[in-house]
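In UniProt numbering, the protein residues as written are 1 to 186. Glycine is no exception: its CB is placed at the ideal position from the N, C-alpha and C atoms. One structure is given below, encoded as structure tokens.
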């Protein structure tokens with residue numbers, strides 16, 4: 001299932017050559033009036049230099065924090081969008097893109113659609129549709145679109161997939177059913 005991203009998380013990107021350790025991030029947050037801990041409950045270093053995910057305790061504290069941090073020199077604060085790219089496969093080529101967007105529109109606001117092509121032949125479409133959607137509710141793994149049983153895929157982090165696999169094993173589910181586990185297990 002496609003699931004909504006936590007809206008309390010923002011991305012912090014520091015410019016410059018000098019490394020910015022987590023201790024310095026905490027001191028910047030405190031100097032701007034953000035309570036650590038209290039209004040912030042997680043800070044994770046991301047791949048790449050001087051980039052972090054910062055999670056606030058609520059949407060209200062996130063809005064306050066983004067406002068306070070937006071005027072820090074050398075820091076870019078980027079709230080994550082609520083939208084995700086989902087890939088729909090096993091839909092016939094004759095099915096119009098608008099119909100795929102309409103069906104997915106039941107689960108949120110559709111922002112963009114595109115047809116995928118082969119990497120080896122960029123101009124040749126492969127029938128997979130990608131739709132950017134602002135999710136309002138979870139999307140099931142399978143949908144019927146114009147009489148076709150379409151499979152809906154979203155990118156999943158390896159850590160989340162391992163959590164799903166561990167939980168499936170503990171409940172005795174067969175290995176091939178792991179991909180269909182509910183998003184509430186995340």
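Judged by pairs of C-beta atoms under 8 Å, the stretch 95-104 does not touch the stretch 61-79, as fewer than three such pairs exist. Excluding five sequence positions before and after residue 53, the CB atoms of its chain that fall closer than 7 Å to its own CB belong to 9, 11, 44, 46, given in chain order.
When only Cα atoms are considered, residue 141 and residue 111 end up about 20 Å apart.
For the 8 Å CB-CB criterion, residue 153 and residue 86 form a contact. Using a Cβ distance threshold of 8 Å, residue 75 and residue 26 do not count as a contacting pair. Looking from the CA of residue 68, the closest CA among 50, 91, 30 belongs to 30. With a beta-carbon spacing of about 11 Å, residue 77 and residue 28 fall beyond the 8 Å limit used to define contacts. Within its own chain, the residues whose Cβ lies closer than 6 Å to the Cβ of residue 108, once the five positions on either side in sequence are excluded, are 133, 134, 135, 136, listed in chain order.
Comparing C-alpha distances from residue 101 to each of 129, 125, 39 shows the shortest one belongs to 129. Residue pairing from DSSP leaves residue 32 without any beta-bridge partner.
The three-state reading of DSSP puts residue 63 in helix, counting H, G and I together.
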